[in-house]
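**Q**
In my numbering, the protein residues as written are 13 to 409.
#1: Report back the beta-carbon spacing between residue 78 and residue 102 to the nearest angstrom; my notes put them in contact at under 8 Å.
#2: Residues in its own chain within less than 6 Å of residue 244 by CB, not counting five upstream and five downstream?
#3: Quick check: residue 382 and residue 364, are their CB atoms within less than 8 Å of each other?
#4: Rounded to the nearest angstrom, what separates residue 204 and residue 370 at their Cα positions?
#5: Quick check on residue 140: buried or exposed, where buried means 16 or more other Cβ atoms within 10 Å of its Cβ?
#6: Starting from the C-beta of residue 41, find all residues in its chain whose C-beta is less than 8 Å away, skip the five residues before and the five after it, and write them out in chain order.
#7: Return helix, strand or coil for residue 372, following the three-state DSSP convention.
#8: What separation, rounded to the nearest whole angstrom, lies between the Cα atoms of residue 86 and residue 28?
#9: Excluding the 5 residues flanking residue 329 on each side, which residues of the same chain have their C-beta closer than 8 Å to its C-beta?
#10: Determine whether the Cβ of residue 281 lies closer than 8 Å to any Cβ atom of chain C.
#11: From which residue to which residue does the beta strand (DSSP E) around residue 268 run?
#12: At what residues does the alpha helix (DSSP H) containing residue 314 begin and finish?
#13: Round the Cβ separation of residue 296 and residue 70 to the nearest angstrom and send it over; I've been treating them as touching at under 8 Å.
#14: Taking the alpha carbon of residue 366 as the point to measure from, which residue in 352, 393, 89 and 351 has its own alpha carbon closest?
#15: Which whole-angstrom value is the C-beta distance of residue 19 and residue 76, which I expect to be below 8 Å?
#16: Going by alpha carbons, who is nearest to residue 206 out of 147, 231, 327 and 183?
#17: Below 8 Å CB to CB, which residues in the same chain sit around residue 368 once its five sequence neighbours on both sides are set aside?
#18: Count the other C-beta atoms from every protein chain shown that fall within 10 angstroms of the C-beta of residue 342, then say buried if there are 16 or more, exposed otherwise.
#19: Is residue 278 buried or exposed, if buried means 16 or more other CB atoms sit within 10 Å of its CB?
#20: Rounded to the nearest angstrom, what separates residue 114 and residue 122 at their Cα positions?
#21: With a Cβ-Cβ cutoff of 8 Å, do residue 270 and residue 233 count as a contact?
#22: Is it buried or exposed for residue 230, if we count other Cβ within 10 angstroms and need 16 for buried?
#23: Please determine, among 142, 175, 195 and 143, the residue with the shortest C-alpha to C-alpha distance to residue 209.
#24: For residue 24, which of helix, strand or coil comes out of DSSP?
#25: Is the distance from the Cβ of residue 287 to the Cβ of residue 318 below 8 Å?
#26: Quick one: residues in its chain with C-beta nearer than 6 Å to the C-beta of residue 116, no 5 flanking neighbours on either side, listed in chain order?
#27: Which residue spans inside the stretch 153-218 form an unbroken alpha helix (DSSP H) run of at least 4?
#28: With distances taken from CA atoms, which of 323, 127 and 55 is nearest residue 282?
#29: Who are the near neighbours of residue 412 in its chain, counting only those whose CB is closer than 7 Å to its CB and skipping five residues on each side?
#30: State buried or exposed for residue 401, treating a residue as buried only when at least 16 other CB atoms are found within 10 Å of its CB.
#31: Shortest alpha-carbon distance to residue 216 belongs to which of 235, 202, 228 and 199?
#32: How far does the beta strand (DSSP E) with residue 65 in it extend, from its first residue to its last?
#33: For residue 337, which three-state DSSP category applies?
#34: Report all residues from its chain with a CB closer than 8 Å to the CB of residue 80; omit the five preceding and five following residues, and keep chain order.
#35: I need the straight-line Cα distance from residue 30 to residue 221, nearest angstrom please.
#36: Any idea if residue 218 is buried or exposed, counting beta-carbon neighbours within 10 angstroms, 16 or more meaning buried?
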């Protein structure tokens with residue numbers, strides 16, 4: 013099916029160049045043409061709208077959808093750490109069908125926030141991975157699934173547990189690096205390499221985790237796990253200075269989840285230093301339990317904190333921050349050939365922002381407005397993989 017969106021301003025390519033009075037043509041789920049000579053008469057008139065690449069939410073725990081705000085006021089270890097954290101008590105109460113429905117509802121909510129691709133740390137072993145795959149059947153969305161163990165047993169062997177779900181998942185998600193034996197890490201690396209799967213690591217998330225690793229192994233979490241070739245780091249909230257330098261050397265992407273780090277009192281990641289070192293960055297909204305899947309808020313926090321940390325008002329441009337939330341996430345997850353920017357040949361996944369809202373009135377810099385001012389209420393359309401999955405004022409349930 014061919015669809016035309018015309019008379020829009022469109023942020024195109026990896027440099028997010030704005031084309032005025034432009035059009036975008038979609039055939040099936042692929043962008044076939046973008047242009048600025050607008051003689052087209054058919055299609056949807058998008059006058060007054062800016063088309064922006066859809067967000068790539070590079071770190072989530074969407075299972076927390078069942079317990080929004082339940083853990084606020086608790087530290088990380090009591091709220092979300094396995095196997096006895098509050099989150100796991102809620103998850104254990106769900107049947108497989110209830111879990112599937114909640115995961116699908118979480119995806120629908122993310123659509124309303126302009127997210128069409130995400131990475132999920134999928135709790136519950138094979139059961140949890142299967143529930144998400146079942147929820148996504150026939151849905152126009154991309155999920156990169158990092159499986160986690162089934163914590164029903166007090167003793168977990170990660171390589172053995174990963175064997176049970178890796179045929180279904182894109183990789184393995186781990187945390188608490190200090191708790192792994194050398195044998196487990198070697199086994200996990202071999203297993204993932206043999207199957208062509210990814211390793212995602214919660215690293216330097218809390219001061220306590222860093223200290224535990226130093227006590228047990230004499231090094232930080234980052235230094236301990238780097239020899240096992242992680243594909244992506246999550247958080248990096250409390251890194252040692254040398255941790256950041258090592259990550260910059262390896263060019264391992266880091267997903268920043270600043271809002272959740274703050275509400276859990278884990279600290280504020282050194283965003284300015286990571287930008288300065290040229291570390292590939294992405295954004296994630298992390299746990300539904302603590303944070304809405306609002307990438308506008310995530311961008312706003314990131315931009316303001318990076319400037320404050322650096323004491324430089326121009327430490328990062330709004331366009332760079334928007335790129336981190338779109339192309340940065342796609343790159344971190346290995347999706348950059350299909351997602352993250354609006355270009356011919358890529359998947360048609362984009363957000364339409366209505367600049368006629370009171371929020372956009374008198375805006376002089378649209379890139380800054382998208383990062384620092386826009387909200388989900390400014391979205392009037394979300395297209396995911398060629399399908400119109402969200403329209404303003406329509407019930408998404």
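Using N, Cα and C, we set each Cβ at its ideal position, and we do this for glycine too.
**A** Short version:
#1: The residue you call residue 78 lines up with position 66 of the chain shown. The residue you call residue 102 lines up with position 90 of the chain shown. Between residue 78 and residue 102 the beta-carbon gap is near 5 Å, inside 8 Å, which marks them as a contact.
#2: Within the chain shown, residue 244 is the residue found at index 232, counting from 1. Taken in chain order, the residues that qualify are 212, 265 and 344.
#3: Working through the chain shown from its first residue, we reach residue 382 at position 370. Working through the chain shown from its first residue, we reach residue 364 at position 352. In this structure, residue 382 sits away from residue 364, with a CB-CB distance that is not shorter than 8 Å.
#4: Numbered from 1 along the chain shown, position 192 holds the residue referred to as residue 204. Numbered from 1 along the chain shown, position 358 holds the residue referred to as residue 370. The straight-line gap separating the alpha-carbon atoms of residue 204 and residue 370 is approximately 50 Å.
#5: Within the chain shown, the letter at position 128 stands for residue 140. Label assigned to residue 140: buried.
#6: Position 29 of the chain shown, counting from 1, holds the residue named residue 41. By the criterion of a C-beta distance shorter than 8 Å, residue 41 is surrounded in its chain by 152, 359, 360, 397, 398 and 399, once the five residues flanking it on both sides are discounted.
#7: To locate residue 372, count along the chain shown from 1; it is residue 360. In this structure, residue 372 counts as helix in the three-state DSSP scheme.
#8: On the chain shown, residue 86 is found 74 positions in, with the first residue counted as 1. On the chain shown, residue 28 is found 16 positions in, with the first residue counted as 1. Their Cα atoms are separated by approximately 40 Å.
#9: The residue given as residue 329 occupies position 317 in the chain shown. Excluding residues up to 5 positions away in sequence, 379 lie with their Cβ nearer than 8 Å to the Cβ of residue 329 in the same chain.
#10: Within the model displayed, chain C is absent; a lone protein chain is all it includes.
#11: Here the question's residue 268 lines up with position 256 in the chain shown. Where residue 268 is concerned, the enclosing beta strand (DSSP E) starts and stops at 266-268.
#12: On the chain shown, position 302 is the one that residue 314 refers to. 307-322 is the extent of the alpha helix (DSSP H) around residue 314.
#13: Looking up residue 296 in the chain shown gives position 284. Looking up residue 70 in the chain shown gives position 58. 5 Å between Cβ atoms; contact.
#14: The residue you call residue 366 lines up with position 354 of the chain shown. Answer by Cα proximity: 393.
#15: Against the chain shown, residue 19 aligns to sequence position 7. Against the chain shown, residue 76 aligns to sequence position 64. Incorrect: roughly 40 Å between the Cβ atoms, too far for contact.
#16: The sequence position of residue 206 within the chain shown is 194, counting from 1. Nearest of 147, 231, 327 and 183 to residue 206, Cα basis: 183.
#17: In the chain shown, counting from the first residue as 1, residue 368 sits at position 356. The answer, listed in chain order, is 60.
#18: Position 330 of the chain shown, counted from the first residue, corresponds to residue 342. So residue 342 counts as buried.
#19: Residue 278 sits at position 266 when you count from the first residue of the chain shown. Residue 278 should be labelled buried.
#20: Locating residue 114 in the chain shown gives position 102, where the first residue counts as 1. Locating residue 122 in the chain shown gives position 110, where the first residue counts as 1. Computed Cα separation, rounded: 12 Å.
#21: Within the chain shown, numbered from 1, the residue matching residue 270 stands at position 258. Within the chain shown, numbered from 1, the residue matching residue 233 stands at position 221. Between residue 270 and residue 233, the C-beta gap is not smaller than 8 Å, which leaves the two residues out of contact.
#22: Locating residue 230 in the chain shown gives position 218, counting from the first residue. Around the beta carbon of residue 230, fewer than 16 other beta carbons sit within 10 angstroms, so the residue counts as exposed.
#23: Position 197 of the chain shown holds residue 209. Shortest Cα-Cα distance from residue 209 to any of 142, 175, 195 and 143 involves 175.
#24: Counting from one through the chain shown, the residue named residue 24 turns up at place 12. Residue 24 falls in the strand class under three-state DSSP.
#25: As a first step, residue 287 is located in the chain shown; it is residue number 275 there, counting from the start. As a first step, residue 318 is located in the chain shown; it is residue number 306 there, counting from the start. Cβ atoms of residue 287 and residue 318: closer than 8 Å.
#26: Along the chain shown, read from residue 1 onward, the residue named residue 116 stands at position 104. By the criterion of a C-beta distance shorter than 6 Å, residue 116 is surrounded in its chain by 147, once the five residues flanking it on both sides are discounted.
#27: Every alpha helix (DSSP H) stretch that sits fully inside the stretch 153-218 and reaches 4 residues is listed by chain position as 170-175 and 194-207.
#28: Stepping through the chain shown from its first residue, residue 282 is reached at position 270. The candidate whose alpha carbon is nearest that of residue 282 is 323.
#29: The structure shown does not extend to residue 412, since the chain spans only 13 to 409, so no value can be given for it.
#30: The count along the chain shown starts at 1 and reaches residue 401 at position 389. Result: buried.
#31: As a working mapping, residue 216 is identified with position 204 in the chain shown. It is 235.
#32: Within the chain shown, residue 65 is the residue found at index 53, counting from 1. Element bounds for residue 65: 61-65.
#33: Numbered from 1 along the chain shown, position 325 holds the residue referred to as residue 337. Residue 337 sits in a helix when the DSSP states are folded into three classes.
#34: As a first step, residue 80 must be located in the chain shown, where it is residue number 68. When the five nearest sequence neighbours on each side are left out, the beta carbons in the same chain lying within less than 8 Å of the beta carbon of residue 80 are those of 300 and 301, in order along the chain.
#35: By one-based count along the chain shown, residue 30 stands at place 18. By one-based count along the chain shown, residue 221 stands at place 209. For the pair residue 30 and residue 221, the Cα-to-Cα distance works out to about 44 Å.
#36: What you label residue 218 is simply residue 206 of the chain shown in a count that begins at 1. So residue 218 counts as buried.
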